[in-house]
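Before any comments, here is the structure.
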Amino acid sequence: MEQVAVKPWGNSQGIRIPKKILDKLNIKVSDTLQIGIENDAIVLKKIFKHRTFEERLAEYGGEISVCGFEWGEPVGREML
Numbered sequence: 451m452e453q454v455a456v457k458p459w460g461n462s463q464g465i466r467i468p469k470k471i472l473d474k475l476n477i478k479v480s481d482t483l484q485i486g487i488e489n490d491a492i493v494l495k496k497i498f499k500h501r502t503f504e505e506r507l508a509e510y511g512g513e514i515s516v517c518g519f520e521w522g523e524p525v526g527r528e529m530l
């Protein structure tokens, strides 16, 4: 476990989260985190961000291939 110092930041206080922790949790600049208290500990959780179809498609280089998937033989009353 690492230690960080609480520093003044405007009218509030802040901490810096080490890069290796951000990388491990895939937290990027401008991501939104949920903050709470559990058992006398501060807990930060990354909020699920809905991605558009286009954003998801970009992860695959803009192409999705459904060809070549073997569904197997019909086992019931599937329509062919």
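Numbering (the working numbering), first residue to last: 451 to 530.
Heads up, the beta-carbon is just placed ideally off N, CA and C, and yes, glycines get one too.
Since the model is a prediction, treat every value here as computed from it, not as a measurement.
{"Query": "E504, DSSP secondary structure in three states", "Result": "helix"}
{"Query": "Inter-residue spacing [alpha-carbon to alpha-carbon] between E513 and S462", "Result": "46 Å"}
{"Query": "Rounded straight-line distance, which links the Cα of E528 to that of Y510", "Result": "30 Å"}
{"Query": "Whole-angstrom C-beta distance between K499 and L475, which should lie under 8 Å", "Result": "That pair is no contact at about 13 Å."}
{"Query": "Simplified DSSP state of Y469, which is helix, strand or coil", "Result": "Strictly speaking, residue 469 in this sequence is Lys, with Tyr absent from that position. Here K469 sits in helix by DSSP."}
{"Query": "Pick from I492, E488, I487 that is closest to I465, judged by C-alpha positions", "Result": "I492"}
{"Query": "Alpha-carbon spacing of K469 relative to F519, whole angstroms", "Result": "40 Å"}
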